[in-house]
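Enquirer: Residue numbers (the UniProt record's numbering): 1 to 302.
Handing you a structure now.
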């Protein structure tokens, strides 16, 4: 296949690019800055946004994977919240414009990243792909709008997959390094009451599911990309401690976390139990179903 990726230099994008190329697919990375990026075998970089017309350099596109968007891991100032939201809207709209203007017609499949933030937060409710949001917060609003912007692809006759990502585990990027930091200092412990759910997923399973979605025509619509065994935060913390051979003992009060992180504290002080019901029904099998196995794999590579 010829697969076009936006956000191809991010955590998931880089790993996805490597996996697709290893399967002999040709990958085009759309990037704002193509300088110092070398085209290689089965790989090309093309500038997009800011008035660029990448469709002029793209032929026979089979799939588009949209992963672009500003990081949610920086403090959520008013300005950064606007960047988080607007970057996702802009990128998705540009993907739609691109589909409409490809010389060879639209691709067969469009994979549009989303997030489990769509469901809001809850300590008691379990969410599947059929669930409505429990409450509305910033991430829920962003995720819902993100998916709405991708929906016109369906009207173009493009098989459209919405991947609601859980908290992606990677040893050097994302939430896990921040969670490991206090444990490495010997002061790790539960955040708040520790009962909040942590719906995690190994980076390799995210990449493998995207590949699965591109290659299987029965995969269509919304899918939760979260491991089938979410953890309470206190239990997940204990497994980080065990993996690092450090103690789990000093709790961080929720009010202190909220004061330190501001609105972004929703990522760790609140939570939701998200189950990958349709993902499993599609035939996908997670390589890492248990948190201890995922952490052993990732921290062994750290």
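Cβ coordinates follow ideal geometry from the N, Cα and C atoms, glycine included.
1) Taking the alpha-carbon of residue 173 as reference, which of 203, 182, 4 and 184 has the nearest alpha-carbon?
2) Could you check the C-alpha separation between residue 267 and residue 109 for me, to the nearest Å?
3) What residue does the alpha helix (DSSP H) around residue 240 start on, and which one ends it?
4) Hey, could you find the ends of the beta strand (DSSP E) residue 114 is sitting in?
5) What's the call for residue 255, buried or exposed, on a 16-neighbour Cβ count within 10 Å?
6) Sorted by chain position, which residues of the same chain lie with C-beta nearer than 6 Å to residue 45's C-beta, five sequence neighbours on each side aside?
7) If we call anything under 8 Å between Cβ atoms a contact, is residue 227 one with residue 288?
8) Look at residue 114 and residue 143 and say whether their C-beta atoms are less than 8 Å apart.
9) Does the contact criterion of 3 or more C-beta pairs under 8 Å hold for the region 238-257 versus the region 208-227?
10) Using a 10 Å radius around the Cβ and a threshold of 16 neighbouring Cβ atoms, would you call residue 66 buried or exposed?
11) Nearest to residue 116 by alpha carbon, out of 23, 164, 50 and 182?
12) Shortest alpha-carbon distance to residue 78 belongs to which of 251, 59, 263 and 21?
13) Report the start-end ranges of each alpha helix (DSSP H) in the UniProt domain "DUF1731" (252-298) that is 4 residues or longer and not cut off at the edges.
14) For the beta strand (DSSP E) containing residue 2, list its first residue and its last residue.
15) In terms of alpha-carbon separation, which member of 270, 166 and 5 lies closest to residue 58?
16) Can you tell me which residues form a DSSP beta bridge with residue 202?
17) Using 8 Å for Cβ pairs, my map puts residue 16 next to residue 274. What's the rounded Cβ distance?
18) Residue 62 and residue 2 - do their beta-carbons sit closer together than 8 Å?
19) What does a CB cutoff of less than 6 Å around residue 88 pick up in its chain, not counting 5 residues either side in sequence?
20) Pull up the distance between the alpha-carbon of residue 50 and that of residue 120, whole angstroms please.
Expert: Quick look at the numbers:
1) Taking residue 173 as reference, the option from 203, 182, 4 and 184 with the minimal CA-CA separation is 203.
2) Distance between residue 267 and residue 109, taken at the CA atoms: about 30 Å.
3) First-last of the alpha helix (DSSP H) with residue 240: 233-244.
4) Its beta strand (DSSP E) spans residues 109-115.
5) Residue environment analysis places residue 255 among the exposed positions, since fewer than 16 neighbouring C-beta atoms fall within 10 angstroms of its C-beta.
6) Excluding positions up to five away in sequence, the list reads 29, 31, 34 and 37.
7) Against a cut-off of 8 Å, the Cβ pair of residue 288 and residue 227 comes out as a contact.
8) Closer than 8 Å, so yes.
9) No: fewer than three Cβ pairs fall under 8 Å.
10) Label assigned to residue 66: buried.
11) Of the listed residues, the one whose Cα sits closest to residue 116 is 164.
12) The option with the nearest alpha carbon to residue 78 is 263.
13) The DSSP assignment places complete alpha helix (DSSP H) segments of no fewer than 4 residues inside the UniProt domain "DUF1731" (252-298) at 254-261, 266-269 and 277-281, in order along the chain.
14) Its beta strand (DSSP E) spans residues 2-6.
15) Distances from the alpha-carbon of residue 58 to those of 270, 166 and 5 put 5 closest.
16) According to DSSP, which records beta bridges pairwise, residue 202 is partnered with 169.
17) No, residue 16 and residue 274 are not in contact; Cβ-Cβ is about 21 Å, not under 8 Å.
18) The criterion of a C-beta distance shorter than 8 Å is satisfied by residue 2 and residue 62.
19) Cβ neighbours of residue 88 beyond the five flanking positions: 69 and 146.
20) Answer to the nearest angstrom: the Cα atoms are 33 Å apart.
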